[in-house]
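Since the structure comes first, as structure tokens, the remarks are kept for the end.
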Amino acid sequence: MTERVDAVLVRDGLARSRRHAAELVAAGRVRVAGRTVLRP
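Pasting the structure below:
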């Protein structure tokens, strides 16, 4: 099963909350395997 990017960011301490993680994604600040993530 795949995990939501916002949940992983919170779990790994890279975001304060899922809302904060979603804001980072929306701002284009999150990359996975060199590609910008567009959806949490």
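According to the working numbering, numbering within the sequence shown proceeds without interruption in unit steps and concludes at 43. Just so you know, even glycine gets a beta-carbon here, dropped at the ideal spot from N, CA and C. These numbers come from a predicted model, not from an experiment.
Minimum C-alpha distance to residue i - residue among the options
i: residue 22; options: 30, 42, 9; result: 9
i: residue 30; options: 36, 15, 16, 43; result: 43
For residue j and residue i, the rounded distance between their alpha carbons
i: residue 13; j: residue 28; result: 12 Å
i: residue 33; j: residue 5; result: 17 Å
i: residue 11; j: residue 18; result: 9 Å
i: residue 15; j: residue 37; result: 18 Å
i: residue 35; j: residue 20; result: 19 Å
i: residue 7; j: residue 39; result: 14 Å
Sheet register partners of residue i (DSSP bridge)
i: residue 7; result: The partner list for residue 7 (beta bridge, DSSP) is empty, contrary to what the question assumes.
Residue-chain proximity (residue i, chain B), Cβ-Cβ < 8 Å
i: residue 11; result: Reference to chain B is not applicable here, since this structure consists of a single protein chain.
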